[in-house]
């Protein structure tokens with residue numbers, strides 16, 4: 001039976017803030033909680049999926065939030081969508097699709113795979129010297145300084161000279177309120193977030209807009225797009241074999257989404273630019289199975305090259321601030337005109353509407369703004385989640401949304417748009433309730449690690465999570481160098 005008809009319906013439980021008692025008393029097991037939540041995702045985007053079997057239990061990682069459960073749902077839904085596409089390419093009914101299994105430990109640790117990534121046995125630096133949490137006159141502020149221009153904006157907003165150290169930043173923050181710093185840094189085109197409680201966030205104008213938004217906003221752009229070649233074509237051995245994906249994303253949700261699509265056989269071409277900064281270790285660890293080119297979209301030549309790529313693409317994933325690509329002539333309707341039937345996936349920090357729609361944001365900042373860091377630290381000081389959960393969850397949900405559009409496109413036609421935000425994912429995570437997991441030890445991941453040679457050296461990495469008929473997805477190539485390939489399909 002399809003997922004719409006054979007899964008436990010947990011709709012009435014979505015507003016509960018603590019499901020621990022129910023799971024302990026046998027009212028809702030961990031497995032049917034995962035199944036029910038996947039059912040909700042399938043219903044939201046109106047697709048039919050094969051059943052998903054979940055193994056393992058929360059807590060997996062040290063947190064009061066149900067990180068393992070959320071990871072199993074996001075990974076399970078995305079894997080089920082891949083299985084459904086595989087069934088379609090083999091001209092099989094959804095009910096005949098292969099068995100889909102997600103292990104909660106494997107899914108949860110995949111949410112922090114960057115911590116386990118090694119190049120010749122060495123780890124990379126993920127945080128710049130000035131990035132972090134600082135005490136203010138009335139609370140806490142988090143400053144994101146991983147990119148040089150964001151660091152410079154923070155220093156300018158605090159009235160500090162270039163080259164100021166962490167002690168100077170701490171002293172400057174101590175004399176100002178958290179919201180004052182947040183607003184001044186934002187005005188200077190930097191990235192910061194004051195620590196708010198859940199109640200404070202729920203009263204914020206942006207939170208009200210986010211709460212009214214779908215978790216995965218899947219809509220049809222137009223009804224003129226034909227069924228793309230290959231949708232009902234010959235048998236393919238991988239779920240996304242023949243699907244072309246353009247990846248215009250950076251840190252971290254977007255690259256996670258496109259890396260998962262690559263693991264299921266998609267041709268993923270990452271489009272970067274020399275003038276855009278990167279976090280070196282994350283660029284490598286999220287580039288498995290992809291190719292990489294560089295284009296400056298501000299130039300006529302760069303824009304023309306991207307238009308040529310779009311004309312041959314099936315999926316276009318971008319994480320620029322809302323409106324940025326539209327200003328360059330690459331909004332969803334322009335993309336659909338170039339490639340009727342395209343699936344456009346947009347990922348943002350706080351959504352595409354509301355007073356914060358254009359605000360820069362990262363996972364750690366959204367955790368501060370939405371009350372997650374406040375609750376984790378008991379309100380006295382920020383304590384983040386044990387992984388970049390909002391980034392990774394949004395990434396897997398974005399991959400799921402893209403595949404949902406690919407499932408609907410052959411039947412309904414048209415071009416499609418998928419929108420997600422880290423802030424809406426934070427609300428989704430909050431809805432899973434809590435678990436007594438603060439003291440949970442970090443799990444052993446040695447059985448989940450694999451190795452691969454690359455131009456960078458010997459890579460050690462976590463394999464992609466989820467299985468279809470007992471087989472794990474895989475990346476067919478190591479991470480490329482930035483700009484290693486021409487802007488062309490292969």
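Numbering (UniProt numbering), first residue to last: 1 to 490.
We put the CB at the ideal spot given by N, CA and C, even for glycine.
Here the structure is a predicted model, which means the values were calculated and not measured.
Quick one: residues in its chain with C-beta nearer than 6 Å to the C-beta of residue i, no 5 flanking neighbours on either side, listed in chain order?
i	result
residue 37	73
residue 128	145 and 146
residue 362	144
residue 222	336, 414 and 415
residue 82	239 and 264
residue 270	247, 290 and 292
residue 92	Below a pLDDT of 50, predicted positions are generally treated as unreliable, and residue 92, at 48, falls in that range; no measurement from the model is reported.
residue 31	54
Starting from the C-beta of residue i, find all residues in its chain whose C-beta is less than 8 Å away, skip the five residues before and the five after it, and write them out in chain order.
i	result
residue 319	248, 249, 250, 253, 254, 346, 347 and 348
Name the DSSP beta bridge partners of residue i, please?
i	result
residue 116	The partner list for residue 116 (beta bridge, DSSP) is empty, contrary to what the question assumes.
residue 165	For residue 165, which the question treats as bridged, DSSP gives no partner whatsoever.
residue 142	133 and 193
residue 316	246 and 344
residue 272	294
residue 206	In DSSP, residue 206 forms no bridge with anything.
residue 427	Paired residue(s): none; residue 427 is not in a bridge.
residue 103	55
residue 453	458
residue 417	219 and 344
residue 122	119
residue 267	244
residue 434	65
By how many angstroms is the C-alpha of residue j removed from the C-alpha of residue i?
i	j	result
residue 313	residue 265	15 Å
residue 213	residue 141	27 Å
residue 410	residue 330	24 Å
residue 148	residue 206	28 Å
residue 86	residue 241	9 Å
residue 130	residue 156	13 Å
residue 272	residue 298	12 Å
residue 315	residue 47	18 Å
residue 302	residue 322	20 Å
residue 334	residue 328	10 Å
residue 107	residue 398	16 Å
residue 184	residue 175	14 Å
residue 267	residue 438	40 Å
residue 215	residue 78	14 Å
residue 326	residue 357	14 Å
residue 98	residue 243	20 Å
residue 402	residue 275	28 Å
residue 256	residue 171	36 Å
residue 487	residue 479	17 Å
residue 426	residue 351	12 Å
residue 292	residue 382	37 Å
residue 104	residue 75	9 Å
residue 35	residue 300	49 Å
residue 387	residue 112	5 Å
residue 121	residue 353	44 Å
residue 481	residue 295	15 Å
residue 139	residue 198	15 Å
Run through DSSP, which three-state label would residue i get?
i	result
residue 342	coil
residue 66	coil
residue 292	strand
residue 258	helix
residue 73	helix
residue 422	helix
residue 461	strand
residue 223	coil
residue 83	helix
residue 29	coil
residue 482	coil
residue 467	strand
residue 282	helix
residue 409	helix
residue 43	helix
residue 98	coil
residue 37	helix
residue 401	helix
residue 448	helix
If you measure from the beta carbon of residue i to each beta carbon in chain D, is any gap under 9 Å?
i	result
residue 61	Structure shown: chain D not included; a single protein chain is present.
Output needed for residue i: all residues of its chain with C-beta closer than 7 Å, excluding positions within five of it in sequence on either side, in chain order.
i	result
residue 234	Low per-residue confidence applies at residue 234: pLDDT is 42, beneath 50, and the placement is therefore not dependable, though the value from the model is reported in the following sentence. Hits under 7 Å: none found.
residue 179	194
residue 484	292
residue 324	none
residue 150	144, 190 and 191
Can you list, in chain order, the stretches of the alpha helix (DSSP H) that have 4 or more residues and sit fully within the region 329 to 394?
-> 332 to 338, 363 to 369 and 372 to 376
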